[in-house]
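For reference, the structure discussed in these notes is given below.
In this note's numbering, the protein residues as written are 123 to 239.
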């Protein structure tokens, strides 16, 4: 239902763009978020976007990350700039999807981001 992609290995200071695409009998994608889990740490919220486009960010990524959405493509993006080693982890998308007038919450499978020189 949700396919996340775009992770990889990047040097400190580099950029990546993650994508999360919903598929199936979708009426709309609503609120969406990206979480991450670093090795040995709890999963944390990185960024969130409402159905209306309002965004919130973790303090650690403000000014570097940008969450956006393309409703026509049922896709949510996370543009990550000026990456540092503390951004390493598995990134998960979490999306509320309305199907046949009912709203369900889905998690993507996770995509690995490694920041290393």
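Even glycine gets a Cβ: it sits at the ideal position worked out from N, Cα and C.
Please read all numbers here as calculations on a predicted model, not as lab measurements.
DSSP on residue i, reduced to helix/strand/coil?
i	result
residue 139	strand
residue 170	strand
residue 150	strand
residue 158	strand
residue 180	coil
If we call anything under 8 Å between Cβ atoms a contact, is residue i one with residue j?
i	j	result
residue 210	residue 235	yes
residue 219	residue 171	no
residue 141	residue 228	no
residue 189	residue 177	yes
Which residues in the same chain have their Cβ closer than 8 Å to the Cβ of residue i, if we skip the five residues on either side of it in sequence?
i	result
residue 158	165, 166, 168, 209, 211, 212, 213, 214, 235
residue 195	143
residue 222	147, 149
residue 175	191
residue 216	154, 155, 156, 157, 227, 228, 229, 230
Per DSSP, residue i is paired with what?
i	result
residue 200	140, 189
residue 126	142
residue 221	224
residue 211	235
Spatial neighbours of residue i within its chain, please: CB distance less than 6 Å, with the 5 preceding and 5 following residues excluded, ordered by chain position.
i	result
residue 146	123
residue 129	233, 234, 235
residue 201	139, 188
Under 7 Å Cβ to Cβ from residue i, same chain only, skipping five residues before and after it: list those, please.
i	result
residue 204	135, 186
residue 237	132, 134, 205, 206, 207, 209, 210
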